[in-house]
Amino acid sequence: MYILVTGSSSERIRVQELDSAGVPTSVGRMLTTAQFRALVRERDQDGVRWVWEDTARSYPVLLRGSVRVQRCHDLRLCHAILRNSALTAASALANAPAGRWDAPAAASPVESRGTTLFDMDLGVAEDNRPEPADGDALAEFQAQLQAVRASADPGRLRLLLAAESVGALIAAEMQFAGLPWRSAIHDSLLTAELGPRAAAGIRPARLEELAVRIRTELGDREVNPDSPPDLLRALNRAGLAVATTRAWELEKLEHPVIEPLLRYKKLSRLLAANGWFWMESWIIDDRFHPEYLPGGVVTGRWATRGGGALQLPKQIRGAVVADPGWSFVVADAAQLEPRILAALSTDTAMAAAGRGTDLYAGIVASGVVETRAHAKVAMLGAMYGATSGESGRLLPRLARAYPRALALTEAAARAGERGDVVSTRLGRSSPRPGADWEDGQARASEAGASPADERRARSQAREWGRFTRNFIVQGSAAEWALCWMAEIRKGLRTLPVPATPATPLARGGLELRTPPSPFADTPHLVFFLHDEVIVHTPAALAGEVARIVTEAASTAGRLLFGDFPVDFPLTCVVVDSYADAK
DNA sequence: CGAGCCCGCGCG
DNA sequence: AAAGCGCGCGGGCTCG
45 MYILVTGSSS
55 ERIRVQELDS
65 AGVPTSVGRM
75 LTTAQFRALV
85 RERDQDGVRW
95 VWEDTARSYP
105 VLLRGSVRVQ
115 RCHDLRLCHA
125 ILRNSALTAA
135 SALANAPAGR
145 WDAPAAASPV
155 ESRGTTLFDM
165 DLGVAEDNRP
175 EPADGDALAE
185 FQAQLQAVRA
195 SADPGRLRLL
205 LAAESVGALI
215 AAEMQFAGLP
225 WRSAIHDSLL
235 TAELGPRAAA
245 GIRPARLEEL
255 AVRIRTELGD
265 REVNPDSPPD
275 LLRALNRAGL
285 AVATTRAWEL
295 EKLEHPVIEP
305 LLRYKKLSRL
315 LAANGWFWME
325 SWIIDDRFHP
335 EYLPGGVVTG
345 RWATRGGGAL
355 QLPKQIRGAV
365 VADPGWSFVV
375 ADAAQLEPRI
385 LAALSTDTAM
395 AAAGRGTDLY
405 AGIVASGVVE
415 TRAHAKVAML
425 GAMYGATSGE
435 SGRLLPRLAR
445 AYPRALALTE
455 AAARAGERGD
465 VVSTRLGRSS
475 PRPGADWEDG
485 QARASEAGAS
495 PADERRARSQ
505 AREWGRFTRN
515 FIVQGSAAEW
525 ALCWMAEIRK
535 GLRTLPVPAT
545 PATPLARGGL
555 ELRTPPSPFA
565 DTPHLVFFLH
575 DEVIVHTPAA
585 LAGEVARIVT
595 EAASTAGRLL
605 FGDFPVDFPL
615 TCVVVDSYAD
625 AK
């Protein structure tokens, strides 16, 4: 059973019931925001799947009214998958000219607890006249159902579309709830590292001292350490033979300027990326509300917009502190990508190396390589396409021990080099290379091709092969992570809501101090980073939450790989501060 | 002056 | 060009 929701960015929302084939079973009705929330409260328990164009635009209206939904179908995200998937390549949807469903997501307004206390529920009177269908959304949904039905593997695609859509729900919920963030702690971390906050455009004390030392050691009173070309010239004049100013290259040098320069780089990065200006821009009422973009990366990984949420440096994670009486459950999947590769390729030997333990240690224990560091660099090389260095030298040993896994990554690379498409476990397919790439390959195979043309074409072919090689692993890992989070979310909703003192809202008189939140007294996801999650939970429930998170990892493995014997162990800790996790 | 590029570095 | 994947973002800098 589906309910199609359209026009939900305005105060008038249209809903229409559809049967399991996507055929309307009633006329559409126009609802006010309040009526829409009431309908969702009433019907969400019935196993309804809400079908809407864009979760990021439709769902916040509900969250602001403390209403959550269990399941949805995000037409825009699902369209992107089906348009591109090799499994639906013959469908009408995949072969239609590009249209509005192919446009990128509109930037969503900041929708979060704290910034929008109450939206306007202007009482637009219910209007009982039947509304004309939003034929576009209905036709699109029907085309998607048809494409899945006629596909080579409807079961996998249905799981993928459900996972992508529940990911969109989670993304909206995490943005709404926000990551607990103590500005006071952040401020003291910055002050300890950089010195007291200085006016805009002025370096804080520690940074200015280092800049002075750098100029002294280089014998150049003018050099600007923030300008790479300027700095490079100064380094070269001082007799340092470097081609770039990258930290890893400078580390190798012996010179008195190196130590202050590396410290300067580290600190200026902290100031520019996560300093006081960042704090004032992104932290509202002790919460960080980044905008998550499900499907924002071609592989299916999420991206974020604003605030650099996926790059929070370890330096400042001490500011992420649970509320009083609450804890964090921080979990990350151990060696996720190699385990995904083992399962994708049904390489039972590699899966066995990871049984219940550190997979890299298991590779060492099997006698494939001598050290854990070697096992790790060799595995990364296999998944990323290394050809030289230590990683390249170790690859043959890995290939002897795990021929099935290595054959799969090689096949994916060869496909990419030919310009072919590869697909993840659940059927998300890689994009085709661009016209420039095709032109380059064609030119190199013509009669008059120069050696330079051929070299460049070969290099670009290998580059695309490394991309497709990694795509199947990174993309399938992203699918595992979506299933993991979906199972966590489902499990958390089975927990009893602890009896808590009346909230300010319930006491009356203080309504405006705490906006309504569906997460005020219940465990909820607050952060996601590719293979890692944070759940914010009343401390008394932390043990239960950890159990749910751990079981969800096993369930995700079964959803993707059935009974193939591969483990997905986690490191899972209960902490008050994110800095205390691992 | 803004748009868009490069550089460099944070995360997985 | 780190030996190899995927990102976002800020500062410097060039160009129009």
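Count along the first sequence from 1, then add 44; that gives the number in the numbering used here.
By construction, the Cβ of each residue, glycine as well, lies at the ideal position given by its N, Cα and C atoms.
C-alpha gap between residue i and residue j, whole angstroms
i, j, result
"Lys296", "Ile302", "9 Å"
"Glu434", "Thr415", "13 Å"
"Ala377", "Ala395", "15 Å"
"Pro273", "Leu294", "15 Å"
"Ser432", "Tyr446", "19 Å"
"Glu324", "Arg458", "48 Å"
"Ala451", "Ala443", "8 Å"
"Gln188", "Leu126", "7 Å"
"Gly436", "Val364", "39 Å"
"Trp346", "His574", "7 Å"
"Leu536", "Gln485", "52 Å"
"Tyr404", "Val412", "10 Å"
"Glu208", "Leu315", "35 Å"
"Leu262", "Ala278", "7 Å"
"Ala136", "Leu204", "20 Å"
"Lys534", "His568", "10 Å"
"Gly143", "Trp481", "25 Å"
"Ile384", "Ser102", "33 Å"
"Glu97", "Arg56", "15 Å"
"Pro440", "Asp402", "22 Å"
Contact set for residue i: own chain, Cβ-Cβ below 6 Å, skip 5 residues either direction
i, result
"Ser195", "Leu131, Thr132 and Leu201"
"Ala375", "Val577, Val593, Leu614 and Cys616"
"Gly344", "Arg472, Gly519 and Ala522"
"Val341", "Ala347"
"Ala501", "Gly484, Gln485 and Ala488"
"Pro68", "Gln60 and Leu62"
"Arg115", "Arg93"
"Ala430", "Gly436"
"Asp165", "Residue confidence for Asp165 is low, a pLDDT of 36 falling below 50, so the modelled location carries little weight; the figure read from the coordinates is stated next. So the list reads Thr77 and Ala78, once near-sequence residues are dropped."
Exposed unless 16 or more other CB atoms sit within 10 angstroms - verdict on residue i
i, result
"Ile360", "buried"
"Met529", "buried"
"Pro475", "exposed"
"Met218", "buried"
"Gly694", "As displayed, the chain neither begins before 45 nor continues past 626, which places residue 694 out of reach and without an answer."
"Trp292", "exposed"
"Asn514", "buried"
"Pro148", "exposed"
"Ala65", "exposed"
"Thr77", "buried"
"Asn280", "exposed"
"Glu298", "exposed"
"Phe321", "exposed"
"Thr260", "exposed"
"Glu266", "exposed"
"Met74", "buried"
"Ser494", "exposed"
Presumed contact (8 Å Cβ cut-off) between residue i and residue j, rounded CB distance
i, j, result
"Ala124", "Ala191", "Ala124 to Ala191, Cβ: 12 Å. No contact."
"Ala216", "Pro104", "6 Å"
"Trp145", "Leu119", "7 Å"
"Val111", "Arg87", "Contact doesn't hold; Cβ gap of about 11 Å is too wide."
"Ala317", "Gly352", "6 Å"
"Val579", "Phe332", "Val579 to Phe332, Cβ: 16 Å. No contact."
"Thr453", "Ala426", "6 Å"
"Val517", "Glu381", "5 Å"
"Ile327", "Ser227", "5 Å"
"Glu490", "Ala596", "Not quite, the Cβ-Cβ distance comes to about 54 Å (not below 8 Å), so this is no contact."
"Val570", "Pro224", "7 Å"
"Cys527", "Leu424", "Actually they are not in contact, since the Cβ atoms of Cys527 and Leu424 sit about 24 Å apart, beyond 8 Å."
Nearest candidate by alpha-carbon position, reference residue i, set the options
i, options, result
"Gly509", "Gly587, Arg448 and Tyr428", "Tyr428"
"Ser271", "Ala282, Leu284 and Thr288", "Thr288"
"Ile258", "Arg448, Ile246 and Ala282", "Ala282"
"Arg610", "Ser389, Arg591 and Pro540", "With the sequence shown as reference, residue 610 is identified as Val, and Arg is not the correct amino acid for it. Of Ser389, Arg591 and Pro540, the residue nearest in Cα terms is Ser389."
"Glu335", "Thr99, Asp620, Ile57 and Ala228", "Thr99"
"Val466", "Thr512, Glu507, Arg499 and Leu424", "Thr512"
"Arg349", "Arg313, Lys358 and Gly339", "Gly339"
Contacting residues, own chain, Cβ-Cβ under 7 Å from residue i (five flanking each side not counted)
i, result
"His418", "Leu438"
"Ser598", "Phe612"
Nonlocal neighbours in the same chain, by C-beta distance under 8 Å from residue i, ignoring five residues either side
i, result
"Ala255", "Arg247, Pro269 and Tyr308"
"Arg250", "Glu237, Leu238, Gly239 and Leu311"
"Asp620", "Val365, Ala366, Ser371 and Phe372"
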